[in-house]
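Just so you know, UniProt numbering puts 14 at position 14 of the sequence shown, and the rest follows in order with no gaps. Where a beta carbon is used, it is the ideal one built from N, C-alpha and C, also for glycine. In this text the structure is predicted, and so the values were computed from the model without any measurement.
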Amino acid sequence: MRLKELSVELRDRIVLRHGFGKGYQKMSAALKVPKNTVASIILTSKKFGNTKTLPRAGHLAKLSNRGRRALVRDVTNNLLVTHTEPQSSSVENLREGQPSLQHTIHQAFMVEWPDGSHSSVKGT
(Lines of atoms letter the chains of each structure in order from A; the text may use other names.)
(Lines give C-alpha, C1' and ligand atoms only; values in the text may rest on other atoms or scores of the structure.)
Protein backbone atom coordinates (compact mmCIF):
# COMPACT_ATOMS: atom_id res chain seq x y z
CA MET A 1 0.00 0.00 0.00
CA ARG A 2 1.31 3.42 -0.91
CA LEU A 3 -1.05 5.59 1.13
CA LYS A 4 0.36 7.80 3.83
CA GLU A 5 -2.25 6.76 6.37
CA LEU A 6 -3.98 3.40 6.73
CA SER A 7 -7.72 3.20 7.22
CA VAL A 8 -9.09 2.69 10.73
CA GLU A 9 -10.66 -0.61 9.62
CA LEU A 10 -7.29 -1.97 8.46
CA ARG A 11 -5.59 -0.87 11.69
CA ASP A 12 -8.37 -2.53 13.69
CA ARG A 13 -7.88 -5.74 11.70
CA ILE A 14 -4.14 -5.68 12.48
CA VAL A 15 -4.80 -5.26 16.21
CA LEU A 16 -7.45 -8.00 16.12
CA ARG A 17 -5.08 -10.44 14.41
CA HIS A 18 -2.40 -9.56 16.95
CA GLY A 19 -4.88 -10.47 19.68
CA PHE A 20 -5.35 -13.87 18.03
CA GLY A 21 -1.60 -14.48 18.22
CA LYS A 22 -0.62 -13.94 14.58
CA GLY A 23 2.97 -12.88 13.92
CA TYR A 24 4.02 -9.57 12.43
CA GLN A 25 5.40 -11.17 9.27
CA LYS A 26 2.26 -13.21 8.55
CA MET A 27 0.04 -10.17 9.12
CA SER A 28 2.30 -8.09 6.92
CA ALA A 29 2.12 -10.57 4.05
CA ALA A 30 -1.64 -11.15 4.35
CA LEU A 31 -2.59 -7.47 4.51
CA LYS A 32 0.17 -6.18 2.19
CA VAL A 33 1.43 -3.71 4.79
CA PRO A 34 5.12 -3.32 5.73
CA LYS A 35 6.18 -5.18 8.86
CA ASN A 36 7.40 -1.99 10.56
CA THR A 37 4.00 -0.41 9.99
CA VAL A 38 2.30 -3.42 11.59
CA ALA A 39 4.63 -3.13 14.58
CA SER A 40 4.03 0.61 14.99
CA ILE A 41 0.24 0.16 14.80
CA ILE A 42 0.36 -2.50 17.52
CA LEU A 43 2.63 -0.38 19.73
CA THR A 44 0.33 2.62 19.29
CA SER A 45 -2.74 0.57 20.18
CA LYS A 46 -1.02 -0.77 23.31
CA LYS A 47 0.11 2.69 24.36
CA PHE A 48 -3.11 4.65 23.74
CA GLY A 49 -5.75 1.93 23.75
CA ASN A 50 -7.13 2.73 20.29
CA THR A 51 -6.07 2.80 16.66
CA LYS A 52 -7.24 6.30 15.78
CA THR A 53 -4.76 8.85 14.56
CA LEU A 54 -3.99 11.18 17.44
CA PRO A 55 -2.66 14.73 17.20
CA ARG A 56 0.96 15.35 18.01
CA ALA A 57 1.79 16.36 21.53
CA GLY A 58 3.80 19.49 20.76
CA HIS A 59 7.56 19.75 20.77
CA LEU A 60 9.20 16.64 19.35
CA ALA A 61 11.39 14.53 21.58
CA LYS A 62 15.08 14.97 20.98
CA LEU A 63 15.70 11.28 21.51
CA SER A 64 13.64 8.50 19.92
CA ASN A 65 12.56 5.41 21.85
CA ARG A 66 15.19 3.37 20.05
CA GLY A 67 17.93 5.84 20.93
CA ARG A 68 16.71 6.05 24.53
CA ARG A 69 16.86 2.25 24.90
CA ALA A 70 20.35 2.17 23.36
CA LEU A 71 21.53 4.90 25.72
CA VAL A 72 20.11 3.13 28.78
CA ARG A 73 21.64 -0.17 27.63
CA ASP A 74 25.08 1.47 27.25
CA VAL A 75 24.91 3.06 30.67
CA THR A 76 23.62 -0.05 32.47
CA ASN A 77 26.44 -2.13 30.98
CA ASN A 78 29.05 0.38 32.15
CA LEU A 79 27.93 2.52 35.09
CA LEU A 80 31.19 4.52 35.12
CA VAL A 81 30.48 6.11 31.74
CA THR A 82 30.51 9.91 31.60
CA HIS A 83 27.72 11.92 29.97
CA THR A 84 29.78 12.67 26.85
CA GLU A 85 30.75 9.06 26.11
CA PRO A 86 27.23 7.68 25.47
CA GLN A 87 26.62 10.51 23.03
CA SER A 88 29.32 9.21 20.70
CA SER A 89 28.60 5.50 21.17
CA SER A 90 24.82 5.35 20.79
CA VAL A 91 22.93 4.05 17.78
CA GLU A 92 21.80 7.38 16.36
CA ASN A 93 23.23 10.86 16.36
CA LEU A 94 21.82 12.51 19.43
CA ARG A 95 20.63 16.06 18.86
CA GLU A 96 20.50 16.92 22.50
CA GLY A 97 22.62 18.59 25.09
CA GLN A 98 24.02 17.33 28.33
CA PRO A 99 21.07 18.23 30.62
CA SER A 100 18.58 16.12 28.66
CA LEU A 101 21.08 13.24 28.52
CA GLN A 102 21.42 13.44 32.28
CA HIS A 103 17.64 13.52 32.65
CA THR A 104 17.19 10.43 30.43
CA ILE A 105 19.81 8.46 32.34
CA HIS A 106 18.39 9.57 35.70
CA GLN A 107 14.84 8.56 34.72
CA ALA A 108 16.08 5.14 33.62
CA PHE A 109 17.40 4.45 37.10
CA MET A 110 14.51 5.93 39.08
CA VAL A 111 12.08 3.55 40.74
CA GLU A 112 8.96 4.47 42.69
CA TRP A 113 8.15 2.45 45.79
CA PRO A 114 4.58 1.58 46.87
CA ASP A 115 4.69 4.19 49.65
CA GLY A 116 5.34 6.92 47.06
CA SER A 117 9.01 7.47 47.84
CA HIS A 118 11.68 7.34 45.14
CA SER A 119 15.03 5.63 44.94
CA SER A 120 17.65 6.68 42.43
CA VAL A 121 18.99 3.17 41.76
CA LYS A 122 16.84 0.24 40.68
CA GLY A 123 17.28 -2.91 42.72
CA THR A 124 18.31 -1.21 45.97
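Leaving out the 5 sequence neighbours to the left and right, which residues in its chain are closer than 7 Å to valine 72 when beta-carbon positions are compared? The residue labelled residue 72 in the question sits at position 72 within the sequence shown. Same-chain partners within the cutoff: Ala108.
Enclosing alpha helix (DSSP H) for glycine 49 [first to last residue]: Here residue 49 is taken as the residue at index 49 of the sequence shown, counted from 1. Element bounds for glycine 49: n/a, residue is neither H nor E.
Are the Cβ atoms of leucine 31 and leucine 16 separated by less than 8 Å? Residue numbering aside, residue 31 sits at position 31 when the sequence shown is read from its first letter. Residue numbering aside, residue 16 sits at position 16 when the sequence shown is read from its first letter. Taking 8 Å as the cut-off, the beta carbon of leucine 31 is found no closer than this to the beta carbon of leucine 16.
Using a Cβ-Cβ cutoff of less than 7 Å, which residues in the same chain neighbour proline 34 once the five nearest sequence positions on both sides are dropped? Against the sequence shown, residue 34 aligns to sequence position 34. For proline 34, where only same-chain residues beyond five positions count, the Cβ hits under 7 Å are Ser28.
Between the Cα of lysine 4 and the Cα atoms of Leu43, Gly19, Thr53, which residue gives the shortest distance? Looking up residue 4 in the sequence shown gives position 4. Of Leu43, Gly19, Thr53, the residue nearest in Cα terms is Thr53.
Alpha carbon to alpha carbon, how far is serine 64 from lysine 47? Give it in angstroms, no decimals. Translated into the one-based positions of the sequence shown, residue 47 becomes position 47. Translated into the one-based positions of the sequence shown, residue 64 becomes position 64. In a straight line, the C-alpha of lysine 47 is about 15 Å away from that of serine 64.
Inter-residue spacing [alpha-carbon to alpha-carbon] between histidine 59 and threonine 104: Locating residue 59 in the sequence shown gives position 59, where the first residue counts as 1. Locating residue 104 in the sequence shown gives position 104, where the first residue counts as 1. Spanning the two alpha carbons is a distance of roughly 17 Å.
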